[in-house]
Amino acid sequence: MKEQFEDYQDKRFMERLAFELGIPIDELEELKWKIHENIGNDDITYGYKIEFSDDSPKHILEKVEGLSKTNCVDLNMNLFL
């Protein structure tokens, strides 16, 4: 039962992340990415960003909303609630 709940949480997170980025979930799954925390000197998390690998499919990266020249997007903190 716990594994089913974790799978559901993972799927919901991926759906919300794809929506935040403006791409379908199947395209998000084709990309290589990591999420980084923005932690201040006071050890408080001030935000998150997603960084896409340079070898991710360019035709999908072009669709990602808010993508910087360094292949990063600042994420809404509510995504992690």
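Residues in the sequence shown are numbered from -14 upward in steps of one, following the working numbering.
Backbone N, C-alpha and C define an ideal beta-carbon position, used for all residues, glycine too.
Only a predicted model underlies this, so the values are computations on that prediction, with no experimental measurement involved.
task = Within 10 angstroms of the Cβ of F4, are there 16 or more other Cβ atoms? Answer buried if so, exposed if not.
result = Counting every other CB atom within 10 Å of its CB across the protein chains shown gives F4 a total below 16, marking it as exposed.
ask   = Excluding the five sequence neighbours on either side, which residues of its own chain have a C-beta within less than 7 Å of the C-beta of F(-2), listed in chain order?
value = Residues of the same chain with a CB within less than 7 Å of the CB of F(-2), apart from the 5 flanking positions on each side, do not exist.
request  = Whole angstroms is fine: what's the gap from I24's alpha carbon to L6's?
outcome  = A straight line joining the alpha-carbon of I24 with that of L6 spans about 22 Å.
task = Determine the DSSP secondary structure at I10, reduced to helix, strand or coil.
result = Correct three-state label for I10: helix.
inquiry  = Could you tell me the alpha carbon to alpha carbon distance between D(-5) and L2, rounded to whole angstroms?
reply    = Going from the Cα of D(-5) to the Cα of L2 covers about 10 Å.
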